[in-house]
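Single-structure report; data block below.
In full-length UniProt numbering, the protein residues as written are 1 to 224.
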């Protein structure tokens, strides 16, 4: 049976991380949960340490905030599963979607699956920013990736580790996508439920991140 590693980068998500992990635990698959605390200062680490002491998660700690990409890379190094899922620490996505997300990999149809978000309420500026980034990705790389900044990227461990990821912040999504498309890897896309939150509710992305995302796409298009 395939073992699934769920990697959760965490930075100041004390309001949601406990429930997020509870929802991952509720998914009936053979899995390990790896939480990487990226220098949280709001009590997230206390929650994660308690869960780790109960044997519910594997916890890795960054002494200082290094970025979502850095946390993901740390989690990938520790992952032992055949398939690795990146799970956000907020409640914007639903782990019950794992069943459909991992099917194409387990069946051997592909090594890479992206979710694409279906919003349940009116989308925010971040949603439209993501749509713009995805449109630019299609212009630069071809293909038909619908949602570059989706919450779910699922791949075999071997494929993850072959990407040699460099990005330390949110632009890791663009780096992953660019490298897969340049290598002509088959990406199957699966619709996932999406419950967007606002900046006031803890959303960390801003306009600056959008410009960095576009620069990252251009950079990897030009690199041979």
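Where is the CB? At the ideal position from N, CA and C, for every residue including glycine.
All figures in this text were calculated on a predicted structure; none of them were measured in a lab.
Under the three-state DSSP convention, the category residue i falls into
{"i": "residue 69", "result": "helix"}
{"i": "residue 196", "result": "coil"}
{"i": "residue 23", "result": "helix"}
{"i": "residue 44", "result": "helix"}
{"i": "residue 79", "result": "coil"}
{"i": "residue 35", "result": "strand"}
{"i": "residue 221", "result": "helix"}
{"i": "residue 186", "result": "coil"}
{"i": "residue 212", "result": "helix"}
{"i": "residue 234", "result": "The structure shown does not extend to residue 234, since the chain is modelled only from 1 through 224, so no value can be given for it."}
{"i": "residue 29", "result": "coil"}
Whole-number beta carbon distance between residue j and residue i, since they are thought to touch under 8 Å
{"i": "residue 84", "j": "residue 91", "result": "The pair is not a contact, with the Cβ atoms about 21 Å apart (cut-off 8 Å)."}
{"i": "residue 10", "j": "residue 101", "result": "Contact flag wrong, Cβ pair sits at about 21 Å."}
{"i": "residue 194", "j": "residue 93", "result": "6 Å"}
{"i": "residue 33", "j": "residue 47", "result": "About 13 Å separates the two Cβ atoms, so there is no contact after all."}
{"i": "residue 192", "j": "residue 115", "result": "4 Å"}
{"i": "residue 210", "j": "residue 129", "result": "5 Å"}
CB contact flag (residue i, residue j, <8 Å)
{"i": "residue 39", "j": "residue 14", "result": "no"}
{"i": "residue 8", "j": "residue 89", "result": "yes"}
{"i": "residue 153", "j": "residue 86", "result": "yes"}
{"i": "residue 182", "j": "residue 163", "result": "no"}
{"i": "residue 61", "j": "residue 51", "result": "no"}
{"i": "residue 5", "j": "residue 55", "result": "no"}
{"i": "residue 117", "j": "residue 97", "result": "no"}
{"i": "residue 108", "j": "residue 172", "result": "no"}
{"i": "residue 175", "j": "residue 159", "result": "no"}
{"i": "residue 188", "j": "residue 110", "result": "yes"}
{"i": "residue 23", "j": "residue 95", "result": "yes"}
{"i": "residue 78", "j": "residue 64", "result": "no"}
{"i": "residue 119", "j": "residue 196", "result": "yes"}
Euclidean distance between Cα positions of residue i and residue j
{"i": "residue 156", "j": "residue 73", "result": "15 Å"}
{"i": "residue 135", "j": "residue 53", "result": "44 Å"}
{"i": "residue 18", "j": "residue 145", "result": "31 Å"}
{"i": "residue 143", "j": "residue 177", "result": "11 Å"}
{"i": "residue 27", "j": "residue 208", "result": "35 Å"}
{"i": "residue 12", "j": "residue 141", "result": "34 Å"}
{"i": "residue 35", "j": "residue 223", "result": "32 Å"}
{"i": "residue 217", "j": "residue 151", "result": "18 Å"}
{"i": "residue 168", "j": "residue 184", "result": "24 Å"}
{"i": "residue 139", "j": "residue 132", "result": "11 Å"}
{"i": "residue 170", "j": "residue 41", "result": "19 Å"}
{"i": "residue 30", "j": "residue 106", "result": "13 Å"}
{"i": "residue 202", "j": "residue 214", "result": "Here the model assigns residue 202 a pLDDT of 49, short of 50, so the residue's position is not dependable, and the following value carries that caveat. If I take the Cα positions, the gap works out to 23 Å."}
{"i": "residue 49", "j": "residue 37", "result": "10 Å"}
{"i": "residue 161", "j": "residue 99", "result": "23 Å"}
{"i": "residue 149", "j": "residue 212", "result": "13 Å"}
Checklist entry - Which whole runs of the beta strand (DSSP E) in the stretch 91 to 176 are 3 residues long or more, in chain order? => result 112 to 119, 153 to 156
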